[in-house]
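Trainee: Each residue of the sequence shown is one higher than the last, beginning at 9 in the working numbering. Think of the CB as a built atom: it goes at the ideal place given N, C-alpha and C, for glycine as much as any other residue. Attaching a single structure in structure tokens format; questions to follow.
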Amino acid sequence: MKWSNGLLLTLAIAAALRWQPAWACSSCGSGAADPVILNPLEQRKFYLGMTLAHRFQAVDEQGQTRKDYGPDRKTKLELAYAHRLTSALFVSLDTGLGENRKGSRAKTGMTDTALNLRWTALMQDVTEPWIPQVQLVVSHRFQTTKSLQDSKELYNLDSFGAGYDETFVGADVWFGMQPILFGASFLYSQPWEENTRSGRLQMGPTEKWIGTLGYKPAETFKIIGGVVRDKRGPIELDDQPSPVPSDKLSHDVFLTLETMRVEDDNFRLSWSQKAAFGSNRNATETLTYTLAWMKTL
């Protein structure tokens, strides 16, 4: 009898895990990390997203808002694919095609490509809702576009990414079994030195903190929002520091609506504003909207 009860309990827990909607993560939907995330029982997922960024305003080293002389509007078609390697580890690859526009002038080109690894060090459990999901993140963004220093077009219309390689490491802690979802993540990046027309460019390391709150009004739908603190060290050119303060500080906000249907197509709608509040410097104010379709394979 005890064995039978234990078997029934095991089956009940397995069924709950099987149909538990997406557990997600703190950095999901913020635009601060890899866009496609595999939930515990998903093996492969395809992501297609369209992003529009506009209303650019530069924030100088003194925190004053200035006119931005780059594109008026940027659009991006992003493709990503995630594949599970083990029960706790999955890899994803994302790339895209961008368009920069200034008035009637426009240029298109490939955006940066990133390879991402996420390892779930601690899994959530429906029987222990206060045990968080803990994921470790390693990512590398490949330089596939021109830097601003190598731009040859007016308004930098031919620059579609950072223009240098960059390696990220971090951790993501997410409490996804509570009535109110919450979590935080930290990402540290080290840019690689890049030769440009102006000389050897070395961007400063970046620290990115993300805090997220969420709510599920239904089992197949969630709303999450949060804040991002993005801090970058000063720039060096030919091993010499910039003559003006070049470190970056940006405080951003984001809001994401996402469906969580098991074994079905899902959709994500995101809004974010960079340099939205607090003290900011050497940053860019911008509004960004993303509509994405995700297919579990």
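Assuming A88 is part of the beta strand (DSSP E), what are its boundary residues?
Mentor: Taken as a continuous stretch (DSSP letters only), the beta strand (DSSP E) holding A88 covers 81-92.
Trainee: Just how far apart, CA to CA, sit G71 and L93?
Mentor: Taking the straight line joining both Cα atoms gives about 45 Å.
Trainee: Say whether the stretch 234-244 touches the stretch 269-276, bearing in mind that this needs 3 or more beta-carbon pairs closer than 8 Å, one atom from each stretch.
Mentor: Counting Cβ pairs under 8 Å, fewer than three are found: no touch.
Trainee: Pull the bridge partners of V99 from the DSSP assignment, please.
Mentor: Looking at the DSSP assignment, V99 forms a beta bridge with H91, L125.
Trainee: For Q157, name the three-state secondary structure that DSSP assigns.
Mentor: In the structure shown, Q157 sits in a helix (DSSP, three-state: H, G or I).
Trainee: Report back the beta-carbon spacing between S100 and V44 to the nearest angstrom; my notes put them in contact at under 8 Å.
Mentor: The Cβ separation is near 5 Å, so the contact holds.
Trainee: On the CB-based measure, 16 or more other CB atoms within 10 Å of its CB, does F183 come out buried or exposed?
Mentor: Result: buried.
Trainee: How many angstroms separate the CA atom of F190 from the CA atom of V252?
Mentor: Rounded to the nearest angstrom, the two C-alpha atoms are 39 Å apart.
Trainee: Using CA coordinates, which residue listed in V261, T119, E136, W217 is at the minimum distance from D180?
Mentor: Minimum Cα distance to D180 is reached at W217.
Trainee: Identify, in the order they occur along the chain, each residue of the same chain with its Cβ nearer than 7 Å to the Cβ of S159, setting aside the five sequence neighbours on each side.
Mentor: Answer for S159: D166, S167, listed in chain order.
Trainee: Using a 10 Å radius around the Cβ and a threshold of 16 neighbouring Cβ atoms, would you call H259 buried or exposed?
Mentor: H259 comes out buried.
Trainee: Using C-beta distances below 8 Å, list every residue in its chain close to P79, excluding the 5 sequence neighbours before and after it, in chain order.
Mentor: The residues are F64, N108, R109, K110, Y163, N164, L165.
Trainee: With 16 other CB atoms within 10 Å as the buried threshold, where does I232 fall?
Mentor: Classification for I232: buried.
Trainee: Give me the Cα-Cα distance between A66 and A283, rounded to the nearest whole angstrom.
Mentor: Rounded to whole angstroms, A66 to A283 spans 9 Å at the Cα level.
Trainee: Classify A129 as buried or exposed, calling it buried when 16 or more other Cβ atoms lie within 10 Å of its own Cβ.
Mentor: With fewer than 16 Cβ atoms within 10 Å of its Cβ, A129 is classed as exposed.
Trainee: Can you tell me the Cα-Cα spacing of G171 and E202, whole angstroms?
Mentor: Each residue's alpha carbon lies about 8 Å from the other.
Trainee: Output needed for D173: all residues of its chain with C-beta closer than 8 Å, excluding positions within five of it in sequence on either side, in chain order.
Mentor: These residues qualify, in order along the chain: H148, R149, F150, Q151, P199, W200, E202.
Trainee: Just to confirm the assignment, what range does the beta strand (DSSP E) spanning L55 have?
Mentor: Note on identity: in this sequence residue 55 is Tyr, with Leu being the wrong assignment. Looking at the DSSP string, the run of the beta strand (DSSP E) that includes Y55 is 52-67.
Trainee: If you drop the 5 nearest sequence neighbours on each side, which residues of the same chain put their C-beta closer than 6 Å to that of Q51?
Mentor: The answer, listed in chain order, is R92.
Trainee: Reducing DSSP to helix, strand and coil, say where N203 ends up.
Mentor: Residue state, collapsed to three classes: strand.
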